[in-house]
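Under the numbering used here, the first residue of the sequence shown carries the number 64, and numbering increases by one thereafter. Here the structure comes first, spelled out in structure tokens, and everything after it is commentary.
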Amino acid sequence: METVTHGQVLARFGHALSDPTRARLLLALRDSPGYPAELADLLGVTRQNLSNHLACLRGCGLVVAAPEGRRTRYELADVRLRHALNDLLGLVLAVDPAACPDTETKNCC
Numbered sequence: 064m065e066t067v068t069h070g071q072v073l074a075r076f077g078h079a080l081s082d083p084t085r086a087r088l089l090l091a092l093r094d095s096p097g098y099p100a101e102l103a104d105l106l107g108v109t110r111q112n113l114s115n116h117l118a119c120l121r122g123c124g125l126v127v128a129a130p131e132g133r134r135t136r137y138e139l140a141d142v143r144l145r146h147a148l149n150d151l152l153g154l155v156l157a158v159d160p161a162a163c164p165d166t167e168t169k170n171c172c
């Protein structure tokens, strides 16, 4: 385990949010802990796909796994992540599509 700087924390959080499935997964875990099978069904993804995203989020330090017998429960690694996600959801962004003409092909904004 390593400790990361503030800039690295933001980069990891940004990486996690850059993928729509991971963003939806973080939002689902914001509400309550979950189990892989239920989370896969909720998000409409395969269990393998969900497992890959959970591994990414664990590696970024955003999610932790808690073994419960034969099952594993996943939850946000820190309650402050819940607050951060809520704060981000409260933002209103003024988007200028002309600023990134390659939006459709390069997925910039």
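Virtual Cβ for every residue (Gly too), placed ideally from N, Cα, C.
With a beta-carbon spacing of about 10 Å, R134 and A128 fall beyond the 8 Å limit used to define contacts. Classified as exposed, H146 has fewer than 16 neighbouring CB atoms from the shown chains inside 10 Å of its CB.
The distance from the Cβ of R87 to that of P99 is about 14 Å, inconsistent with a contact at the 8 Å cut-off. Judged by beta-carbon spacing, L156 lies beyond the 8 Å limit of R93, meaning their Cβ atoms are not closer than that value. Within the model, the alpha-carbon separation for D165 versus L154 is close to 24 Å. H69 sits exposed, since fewer than 16 C-beta atoms from the chains shown fall within 10 Å of its C-beta. Taking S114 as the centre and dropping the five residues before and after it, the same chain places the C-beta of P99 closer than 8 Å to its C-beta, in chain order.
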